[in-house]
């Protein structure tokens with residue numbers, strides 16, 4: 538069964554991340570890379586993507602005279618998707634364990650970020 | 013450049029959707045199938061996924077002992093990802109045009125749903141994070 542693990546954050550959260558030292562950011566990414574490698578080796582890896590920052594985000598609603606109506610204003614509390622992993626696992630518990638690993642990736646000073654990771658089943662199976 | 017088009021909805025929206033008539037659902041699904049085919053024919057299609065309902069959603073944090081801490085309680089206002097498309101296009105404007113098409117998918121009675129579609133650029137890799 539396929540699950541998607543969603544990492545989200547508010548603009549304030551993203552700003553905090555941008556203030557991380559280069560060393561902290563590199564350590565964080567190294568752990569994420571090694572998790573990706575482990576998932577590839579175990580055959581559970583399906584896909585991963587990182588998204589550009591919230592400042593580029595737009596919301597589109599329908600169109601007026603053939604022109605899409607776009608808006609770039611979001612509530613302060615809005616959670617923006619930062620990135621995701623899709624994994625193909627035997628059980629939801631295994632998906633939660635992987636999400637826990639991602640949440641435990643080191644942040645500033647090497648302490649786990651403890652970021653909440655939202656785990657959702659994929660409805661589309663092909 | 014790659015963009016992700018996301019449909020987000022709160023629990024009330026999901027509950028309302030669950031009450032759509034079979035005819036309304038079929039009309040919506042037919043639109044989505046045709047839309048996906050258009051994207052493929054135009055050579056901009058990369059991926060699409062639909063997600064399971066929010067009542068199955070869990071929020072997971074790292075536990076001190078290596079065990080994940082799971083929680084299934086979310087604020088009423090929480091926006092859940094319902095599904096997404098990834099497209100590979102020439103410009104953000106092209107992504108907005110395609111998002112507007114997705115937003116025009118028919119809702120109950122066949123009127124355009126006008127669902128908000130969040131458009132975000134997808135990063136190429138770690139290099140885009142400056143690492």
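Chains as they are written, first to last, in the numbering used here: chain A, 538 to 663; chain B, 13 to 143.
We treat Cβ as the ideally placed atom computed from N, Cα and C, and that holds for glycine.
1) Kindly give me the distance between the Cβ atoms of residue 58 of chain B and residue 98 of chain B, rounded to whole angstroms, as I take these residues to be in contact under 8 Å.
2) In the structure shown, what three-state DSSP assignment does residue 663 of chain A receive?
3) Which residues, taken in chain order from the stretch 107 to 118 of chain B, show a beta carbon closer than 7 Å to some beta carbon of chain A?
4) Return no unless some Cβ of chain B is closer than 8 Å to the Cβ of residue 551 of chain A.
5) Do you know whose CA, among A:598, A:649 and A:655, lies nearest residue 17 of chain B's CA?
6) Write down the C-beta distance between residue 521 of chain A and residue 128 of chain B rounded to the nearest angstrom, noting that I regard them as a contact closer than 8 Å.
7) Looking at the strands, I want to know which residues DSSP matches up with residue 19 of chain B.
8) Do residue 45 of chain B and residue 118 of chain B have their C-beta atoms within less than 8 Å of each other?
9) Give me the Cα-Cα distance between residue 663 of chain A and residue 48 of chain B, rounded to the nearest whole angstrom.
10) For the stretch 632 to 639 of chain A against the stretch 650 to 661 of chain A, are there 3 or more C-beta pairs whose distance is under 8 Å?
11) With DSSP collapsed to three states, give me the class of residue 118 of chain B.
12) Is residue 93 of chain B closer than 8 Å to residue 589 of chain A when the C-beta atoms are compared?
13) Is any beta-carbon of chain B found at less than 8 Å from that of residue 651 of chain A?
14) Distance, Cα to Cα, residue 600 of chain A vs residue 125 of chain B?
15) Can you tell me where the alpha helix (DSSP H) with residue 639 of chain A in it begins and where it stops?
16) Alpha carbon to alpha carbon, how far is residue 120 of chain B from residue 32 of chain B? Give it in angstroms, no decimals.
17) Quick test of the definition: if touching needs 3 or more C-beta pairs under 8 Å, does the stretch 564 to 574 of chain A touch the stretch 77 to 87 of chain B?
18) Roughly how many angstroms separate the alpha carbons of residue 565 of chain A and residue 113 of chain B, rounded to a whole number?
19) Judging by CA-CA distance, which residue of B:116, B:42, B:21 and B:23 is the nearest neighbour of residue 606 of chain A?
20) May I ask you to list the residues that DSSP assigns as paired with residue 600 of chain A?
21) So is residue 145 of chain B in contact with chain A if we call contact Cβ pairs under 8 Å?
22) State buried or exposed for residue 132 of chain B, treating a residue as buried only when at least 16 other CB atoms are found within 10 Å of its CB.
23) At the 8 Å Cβ level, is residue 576 of chain A part of the contact set with chain B, yes or no?
24) Using CA atoms only, rank isn't needed, just tell me which of B:36, B:15 and B:86 is closest to residue 68 of chain B.
25) Consider the Cβ of residue 6 of chain B: report whether some Cβ of chain A lies at a distance smaller than 8 Å.
Working from what's here:
1) Yes, residue 58 of chain B and residue 98 of chain B are in contact; Cβ-Cβ is about 4 Å, under 8 Å.
2) Interpretation of residue 663 of chain A is limited by its pLDDT of 47, a score under 50 that renders its predicted location unreliable; no figure is taken from the coordinates.
3) Within the stretch 107 to 118 of chain B, the residues whose Cβ lies closer than 7 Å to some Cβ of chain A are 108, 109, 111, 112, 115 and 116, listed in chain order.
4) So, not an interface residue.
5) Put simply, of A:598, A:649 and A:655 the residue whose alpha carbon is nearest the alpha carbon of residue 17 of chain B is A:598.
6) Coverage of chain A is limited to positions 538 through 663, which leaves residue 521 of chain A absent and any answer about it impossible.
7) Paired residues: B:95 and B:129.
8) Contact flag unset, no.
9) The predicted model places residue 663 of chain A with a pLDDT of 47, which falls under 50 and marks its position as unreliable, so this point remains unresolved.
10) In short, these stretches touch, since the Cβ pair count reaches three.
11) Residue 118 of chain B falls in the strand class under three-state DSSP.
12) Remark: C-beta atoms of residue 589 of chain A and residue 93 of chain B do not approach each other more closely than 8 Å.
13) Among the residues facing chain B, residue 651 of chain A is included, as its CB has a counterpart in that chain under 8 Å away.
14) In a straight line, the C-alpha of residue 600 of chain A is about 12 Å away from that of residue 125 of chain B.
15) Where residue 639 of chain A is concerned, the enclosing alpha helix (DSSP H) stretches over 629 to 640.
16) CA-to-CA, the gap between residue 32 of chain B and residue 120 of chain B works out to about 7 Å.
17) No, the stretch 564 to 574 of chain A does not touch the stretch 77 to 87 of chain B.
18) In a straight line, the C-alpha of residue 565 of chain A is about 38 Å away from that of residue 113 of chain B.
19) The shortest C-alpha separation from residue 606 of chain A is found at B:116.
20) Paired residue(s): A:605.
21) With chain B covering only 13 through 143, there is no way to say anything about residue 145 of chain B.
22) Under this definition residue 132 of chain B is a buried residue.
23) Against chain B, the CB of residue 576 of chain A has no partner CB under 8 Å away; the residue lies outside that interface.
24) Closest option to residue 68 of chain B, Cα to Cα, is B:86.
25) Residue 6 of chain B is absent from the model: chain B starts at 13 and stops at 143.
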